[in-house]
Amino acid sequence: MGIETHATTFAPPAPRADGRINLIGLDRTELAETLAGLGEPAFRARQLFGWMYKRGATDFQAMSDMAKGLRAKLADGFALDRLQVVRQQDSFDGTKKWLARMEDGQEIESVHIPEEDRGTLCVSSQVGCTLTCKFCHTGTQRLVRNLEASEIVSQVMLARDILEDWGREGDDRRLTNIVMMGMGEPLYNFENVKRALKLVMDPEGIALSRRRITLSTAGVVPMMKRCGEELGVNLAVSLHAVTDELRDQIVPINKKYPVKELLDACREYPGVNNARRITFEYVMLKDVNDTPADARQLVRILKGIPAKMNLIPFNPWPGAPFECSTPEAIERFADILMEAGYASPIRTPRGSDILAACGQLKSDSVRQRASQRAAAAAAAVVH
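Residue numbers (UniProt numbering): 1 to 383.
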């Protein structure tokens, strides 16, 4: 799958404080236009693209098949910026969580989850979130802004830097899968998510198959078909309730796109079939959505959708208003689904000791800046 072309002349990103332009996030067409401005032929863009996205170069001087003069011009006017890691946390189970800072000082989190047969990176698409799902820690942080495509793809590149993954191929890779399940609702930032994932999927770059990428949505119904048609990645839907009455309360976007409308969109998702099923995520909340009656209703409403379930034991966070369902209730719920023919694995929490598990991500930059402002105000009073 190649990078899509652009009919209009591309506008380069705004320069950094030092006047240089960051090239991360640009595709081959845009790199070709950038290099044309330096008087360079189009084939140089393919070389540059490979150095950036296939080899992970962070220094133009490493690009040995380019003339020294060109490398000098690139270094003078351009950069290969990654996000800045503010903090890395390591879980006892091998999960790593990174708090990363962007050019404007805003911060996001991403998580790498190693398993025997894969390494999955959970990627953020927004600073904060607009959805306010009641069981999700990120939902307690106001939406600040959408991430740019460069900031989304940079999370992947930063992870490969830290994991020393550049140059590894196939089963030797440490980052094999991506889930758009970090901070934010990806379909509310679709254009930037699309640009970033196309870079990730490009066979001459990072080269991850679309079958190894899953986008999770809380149900932005009008964008789901476009996601299937224009990206073709796997779809996961944050369902969490089987009635509009309950889902209105815990997943407020349901008031705009109710359960029936959401499930109809799932039935029509391009490319969905028994070999490529939609994953329905269902967080298990004690005495809220975890009864046998809920499970049987779930079976009824999913009829006709090639589906599998992902049952998620609720991961607590400071001030959370819910408790996790008991192990017995979760097992009973899963048994009913499996008897109806739905694969229903119970997700093992990963990274919960560092607040890196599902629903626990929240950049603490807002809180930190608030405390810094308070300290500064107190100091001003003293002096």
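Yeah, the Cβ is synthetic: ideal placement off N, Cα and C, and Gly gets one too.
Please read these numbers as outputs of a predicted model, since none were measured by experiment.
Local Cβ density within 10 Å of Q141, reported as buried at 16 or more and exposed below that
buried
Neighbour flag for V237 against chain D, beta carbons, 7 Å
Considering every chain present, this structure includes no chain D. It has just one protein chain.
Suppose the cutoff is 7 Å on Cβ atoms and the five residues either side in sequence are ignored; what does the same chain contact list for A196 look like?
A149, I152 and V153
Going residue by residue through the segment 80 to 126, where are the continuous beta strand (DSSP E) segments of at least 3 residues, counting only ones entirely within it?
84 to 90, 96 to 101, 107 to 114 and 119 to 122
With the cut-off set at 7 Å, would you say S216 and M181 are in Cβ contact?
yes
Given this structure, state the Cα-to-Cα distance separating E229 from L235, to the nearest angstrom.
12 Å
Helix, strand or coil for M223, going by three-state DSSP, please let me know.
helix
Quick check on the burial criterion: 16 or more other C-beta atoms within 10 angstroms. Buried or exposed for P222?
exposed
Just checking, does the segment 231 to 250 make contact with the segment 277 to 289 on the three C-beta pairs under 8 Å criterion?
yes
Taking the Cβ atom as the reference point for each residue, do Y53 and I206 lie within a distance shorter than 7 Å?
yes
Bridge-paired residues (DSSP) for C324:
L285
Secondary structure at A357, three-state DSSP: helix, strand or coil?
Because the pLDDT at A357 is just 47, under 50, the model does not fix this residue reliably, and the point stays unresolved.
Contact check, Y269 vs V220 under 8 Å by CB: the rounded distance?
Not a contact, Cβ separation roughly 13 Å.
At the level of alpha carbons, what is the spacing between M338 and W51?
47 Å
Using the Cα positions of A320 and L175, report the straight-line distance between them to the nearest angstrom.
31 Å
Got a sec? Which residues, its chain only, sit under 8 Å from T5 by beta carbon, not counting five neighbours each side?
Interpretation of T5 is limited by its pLDDT of 35, a score under 50 that renders its predicted location unreliable; the figure taken from the coordinates is listed afterwards. The residues are T29.
Got a sec, what are the start and stop residues for the beta strand (DSSP E) P292 sits in?
From DSSP, P292 is part of no beta strand (DSSP E) but of the alpha helix (DSSP H) over P292 to I301.
Coarse secondary structure for I330, derived from DSSP in three states
helix
Between G56 and the rest of its own chain, which residues show a CB-CB distance below 7 Å, the 5 nearest in sequence each way excluded?
M157, R160, D161 and W166
Cβ shell of D248 (< 7 Å), same chain only, five flanking positions each side left out
N254 and K255
Per DSSP, which residues does A236 bridge with? Please list them.
S216 and T279
Under DSSP, the beta strand (DSSP E) around K308 begins and ends at which residues?
A307 to P313
Taking the alpha-carbon positions, what's the Q106 to L74 distance?
27 Å
Beta-carbon gap between M201 and R211 smaller than 7 Å:
no
Taking W98 as the reference, which of D81, S124, E115 and E116 has the closest Cα?
S124
Given N146, which residues of its chain have a CB within under 7 Å of its CB, disregarding the five upstream and five downstream residues?
Q126, N189 and N192
Mind checking Q88: buried by the 16 CB within 10 Å criterion, or exposed?
exposed
To which residues of the same chain is K225 closer than 8 Å at the C-beta, ignoring the five residues directly before and after it?
A265, E268, Y269 and P270
Indicate whether A218 and V251 have their beta-carbon atoms separated by less than 7 Å.
yes
Mind checking whether N310 and E281 have CB atoms under 7 Å apart?
yes
So, for A42: in the same chain, excluding its five sequence neighbours on each side, which residues have a beta-carbon less than 7 Å away from its beta-carbon?
A32
Is T120 buried or exposed, if buried means 16 or more other CB atoms sit within 10 Å of its CB?
buried
Which residue's Cα is closest to the Cα of E185: E169, G232, S238 and V233?
S238
Please work out which residues of its chain come closer than 6 Å, Cβ to Cβ, to V299, disregarding the five sequence neighbours upstream and downstream, and give them in chain order.
A340
Could you give the DSSP three-state label for N273: helix, strand or coil?
strand
In the structure shown, what three-state DSSP assignment does V144 receive?
coil
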